[in-house]
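The sequence shown: position 16 = 19 (my numbering), numbered continuously.
As structure tokens, the structure follows; a few thoughts come after it.
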Amino acid sequence: MPHVTETVQWGDDLVFKVRGKMFAVAPLEPAKVSLSFKCTKEEFDELIERPGVIPAPYLARAHWVSLEEASAMPKAEVKRRLEEAHAIVYSGLPKKTRAELENPGS
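What follows is the structure in structure tokens.
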């Protein structure tokens with residue numbers, strides 16, 4: 004995924020961002036959830052009906068879900084969902100910012 008940065012925040016969470024906007028969070032230490040990510044409202048409503056997928060603590064109002072354990076979703080689907088989360092956040096960046104990322108040095 005292009006233009007992604009990783010930072011450690013809140014002590015022990017690995018946060019994935021595009022231009023400072025989060026799209027996924029993974030705990031570095033054992034925690035109640037294994038991964039949280041942004042999704043669309045429609046996906047949110049669908050995903051939280053699945054076993055092992057819950058509204059993300061503190062982030063659910065912004066359509067984030069959390070996997071209670073890694074096995075709650077197949078790896079291929081997790082990869083696709085993370086790519087979609089990245090695309091959601093990237094498309095929400097201001098046009099000027101997207102242009103700077105797509106054409107550095109212009």
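By construction, the Cβ of each residue, glycine as well, lies at the ideal position given by its N, Cα and C atoms.
Out of L85, S37, P107, R64, which one is the CA nearest neighbour of V56?
The residue among L85, S37, P107, R64 with its C-alpha nearest the C-alpha of V56 is S37.
I91 - DSSP class collapsed to helix/strand/coil
In the structure shown, I91 sits in a helix (DSSP, three-state: H, G or I).
Does the distance from the C-beta atom of S1 to that of A59 stay below 8 Å?
Past the boundaries of the shown model lies residue 1; the chain is included only from 4 to 109, so the question cannot be answered.
Could you spell out where the alpha helix (DSSP H) holding A63 opens and where it closes?
The continuous stretches of alpha helix (DSSP H) do not include A63, and DSSP gives it neither H nor E.
Quick check on the DSSP output: the alpha helix (DSSP H) that includes A102 runs from which residue to which?
For A102, the enclosing alpha helix (DSSP H) covers residues 98-105.
Between which two residues does the alpha helix (DSSP H) harbouring E46 extend?
E46 -> alpha helix (DSSP H) spans 44-50.
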